[in-house]
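Notes follow once the structure below has been shown.
2 protein chains.
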Amino acid sequence: MGLKERRVREKEEVRGKILDAARELFVAEGYEAVTMRKIAQAIEYSPTAIYLHFRDKEAVINALCDTDFLKLATRFRKIAEVADPIERLRAAGLAYADFAMRHPNHYRLMFMTPHPPHSPEESVIEVGNRDQDAYAFVLWTAGEAIEQGLLRPELDDAELVAQIVWSAIHGWVSLRMTKCNEPWVDWRPQKRSIAAVIEVSVRGILRPGTPAVSAVSATTKRQKRAKA
Amino acid sequence: MGLKERRVREKEEVRGKILDAARELFVAEGYEAVTMRKIAQAIEYSPTAIYLHFRDKEAVINALCDTDFLKLATRFRKIAEVADPIERLRAAGLAYADFAMRHPNHYRLMFMTPHPPHSPEESVIEVGNRDQDAYAFVLWTAGEAIEQGLLRPELDDAELVAQIVWSAIHGWVSLRMTKCNEPWVDWRPQKRSIAAVIEVSVRGILRPGTPAVSAVSATTKRQKRAKA
DNA sequence: TTCCTAGACTTAACGCTGTTAAGTTTCGGA
DNA sequence: TCCGAAACTTAACAGCGTTAAGTCTAGGAA
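As given, the protein sequences belong to chains G and S, one line each in that order.
For our numbering, count along the first sequence from 1 and bump the result up by 1.
For our numbering, count along the second sequence from 1 and bump the result up by 1.
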């Protein structure tokens with residue numbers, strides 16, 4: 002037959018066109034700029050045609066962001082190979098901030114605007130899977146750091162540690178985005194600034210006396226000590 | 002005459018009514034819920050009447066937030082009396098977070114939504130005045146901490162330190178607001194959580210070896226050492 | 001007292017938004 | 001040849017911020 006298949010494929014194609022048009026608008030001008038009518042005009046369909054492929058505007062944007070956000074996940078997968086949890090935390094923080102600054106509109110939508118709890122069943126991202134879910138990744142790393150005795154003894158709760166670190170990086174990112182043009186904040190260069198945020202966070206959670214150098218030798222030493 | 006005065010007073014009254022009606026909507030349901038038509042209905046005027054008192058919708062909301070935000074300033078004025086900069090930083094962080102959680106819609110508007118650079122001449126708040134501008138307050142405190150030699154030697158830039166600390170607190174606040182109902186984050190109790198964020202930030206910026214106890218004796222010791 | 005003008009306010013409208021009900025077109029299968 | 005389903009369009013609704021034009025009121029001047 003191959004007939005139904007063709008139908009499905011064609012429908013998938015239109016869906017793709019919608020997403021591409023929406024992405025272009027979204028990346029260039031943000032959520033507000035994406036209107037059903039503009040998308041429709043871009044793909045030369047009527048506005049209502051979009052509703053045959055997506056429940057509503059939110060569904061379009063969610064589909065868009067979900068797929069784009071998987072790009073962050075692929076970066077995290079590489080970082081997962083870093084053995085030392087502290088080093089991994091640093092790398093993840095840097096990657097997270099970098100991604101956010103490169104995709105400000107995505108970031109804004111995902112982490113800076115309140116949602117009706119984004120139904121997980123229609124999302125591409127597997128919650129809790131540390132290869133797809135950034136929070137799960139940090140949680141895992143925080144847990145390892147605790148296990149290996151690297152953190153201050155009062156910080157014995159991985160969830161809490163993850164939330165602290167996430168807060169610091171997210172705060173930096175979101176302030177930078179929202180207040181980048183305010184005359185009353187004299188922003189320091191991005192690279193130096195985010196490095197400082199990460200360094201202060203790491204110092205703040207590390208057990209005192211632990212050398213915070215980013216060297217492999219230090220890492221292995223720490224791991225040995227943790228085993229003992 | 003007293004005639005023009007009455008006219009002015011009457012106009013001021015209507016202005017006040019508009020702001021009160023807008024505040025009610027804003028506090029209860031957020032920015033989106035405030036529509037010119039709803040405000041008008043609440044005060045029993047036509048929607049266009051509002052434009053005789055405010056340039057546009059944004060002006061209404063800005064006037065609203067400006068006055069409400071001065072309440073935070075009064076709390077900061079009390080905290081300014083704390084002598085030890087580190088202790089002051091802690092207190093300010095706590096007050097900031099508390100204010101944000103109590104006035105989420107104000108906070109969201111002021112710090113979580115991008116603005117066309119909010120023209121300072123039509124604002125009530127004096128930028129740079131640490132009694133009115135929260136950022137100026139933190140900047141001043143960070144500067145004192147550096148002067149007194151309390152911070153890590155590499156953190157010699159008050160602006161940078163202020164931005165780091167602000168990031169951490171703001172990050173915590175804004176994540177909590179945006180993602181409070183997400184099933185994939187197991188938020189720790191608010192009090193414990195914000196205390197931990199502040200503590201980690203302080204530890205992270207403090208010169209190693211400096212006791213981070215919140216005791217007056219420690220404070221005076223530190224100040225003596227700084228003079229030496 | 002009568003007329004004029006300034007200011008406060010309203011009515012009606014414009015162009016925009018997301019969304020829906022109803023109608024049209026197309027095309028494979030019976 | 002006709003049917004039915006799917007894809008798509010047209011027209012419309014209710015809402016939004018905002019504006020142009022008109023009305024109404026009341027103090028000041030003649």
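Positions of the beta carbon are idealized from the N, C-alpha and C atoms, including for glycine.
Nearest-angstrom beta carbon gap, residue j and residue i [assumed within contact, 8 Å]
i, j, result
"Pro86 of chain S", "Gln149 of chain S", "7 Å"
"Leu73 of chain S", "Ile195 of chain S", "Going by Cβ atoms, the distance from Leu73 of chain S to Ile195 of chain S rounds to 16 Å, so no, they are not a contact pair."
"Gly172 of chain G", "Ser168 of chain S", "4 Å"
"Arg189 of chain G", "Glu200 of chain S", "Wrong, their Cβ atoms sit about 24 Å apart, outside the cutoff."
"Asn106 of chain G", "Val28 of chain G", "6 Å"
"Arg91 of chain S", "Val203 of chain S", "6 Å"
"Arg208 of chain G", "Leu152 of chain G", "6 Å"
"Ala98 of chain S", "Phe138 of chain S", "Between Phe138 of chain S and Ala98 of chain S the Cβ distance is about 14 Å, and since that is not below 8 Å, they are no contact."
"Ile44 of chain S", "Lys12 of chain S", "Actually they do not touch by this definition, with Cβ atoms about 14 Å apart."
"Phe77 of chain S", "Ala146 of chain S", "Their Cβ separation, rounded to whole angstroms, is 16 Å, which puts Phe77 of chain S and Ala146 of chain S out of contact at 8 Å."
"Tyr32 of chain S", "Leu110 of chain S", "6 Å"
Three-way DSSP call (helix, strand, coil) for residue i in this model
i, result
"Leu151 of chain G", "coil"
"Leu207 of chain G", "strand"
"Thr142 of chain G", "helix"
"Gly17 of chain G", "helix"
"Glu127 of chain S", "coil"
"Gln133 of chain G", "coil"
"Met111 of chain G", "helix"
"Leu161 of chain S", "helix"
"Lys228 of chain S", "Caution is warranted here: a pLDDT of 48 is assigned to Lys228 of chain S, below 50, making its placement in the model unreliable, and the coordinate value is therefore given only provisionally. If DSSP states are grouped into helix, strand and coil, Lys228 of chain S belongs with the helices."
"Thr220 of chain S", "Annotation note: pLDDT 44 at Thr220 of chain S (below 50); position unreliable, no value reported."
Spell out a yes or no on whether the region 161-181 of chain G and the region 161-181 of chain S are touching, meaning 3 or more CB-CB pairs, one atom from each, closer than 8 Å.
-> yes
Name the residues in the region 149-174 of chain S whose C-beta lies less than 9 Å from a C-beta of chain G; which are they?
-> Arg153, Glu155, Leu156, Asp158, Glu160, Leu161, Val162, Ala163, Gln164, Ile165, Val166, Trp167, Ser168, Ala169, Ile170, His171, Gly172, Trp173 and Val174
Residues of the region 173-202 of chain S whose Cβ lies closer than 9 Å to any Cβ of chain G, in chain order = Trp173, Val174, Ser175, Leu176, Arg177, Met178, Thr179, Lys180, Cys181, Asn182, Glu183, Pro184, Trp185, Val186, Asp187, Trp188, Arg189, Arg193, Ser194, Ala197, Val198, Glu200, Val201 and Ser202
Three or more beta-carbon pairs under 8 Å between the region 22-30 of chain S and the region 60-74 of chain S, yes or no?
-> yes
Where in the region 168-201 of chain G do unbroken runs of the alpha helix (DSSP H), each at least 4 residues long, occur, reported from the N-terminal end onward?
-> none
Could you run through the region 93-108 of chain S and flag, in chain order, every residue whose CB is less than 7 Å away from some CB of chain G?
-> none
Contact set between the region 131-146 of chain S and chain G, restricted to residues whose Cβ is under 8 Å from the partner = Asp134, Tyr136 and Ala137
Which runs of the alpha helix (DSSP H) fall wholly inside the region 25-106 of chain S and span at least 4 residues, in chain order?
-> 37-44, 58-80 and 86-103
Looking at C-beta atoms only, is the number of pairs between the region 135-142 of chain S and the region 181-189 of chain S that lie closer than 8 Å three or more?
-> no
Any residues in the region 19-53 of chain S with a beta carbon nearer than 8 Å to a beta carbon of chain G? Which ones, in chain order?
-> none
With a cut-off of 8 Å, do at least 3 Cβ pairs link the region 46-62 of chain S to the region 70-84 of chain S?
-> no
Cβ contact check for the region 98-118 of chain G and the region 48-55 of chain G: 3 or more pairs under 8 Å | no
Which of the residues in the region 74-95 of chain G, read from start to end, lie with their CB under 7 Å from any CB of chain S?
-> none
Interface positions of the region 59-72 of chain G facing chain S (Cβ-Cβ less than 7 Å), listed along the chain | none
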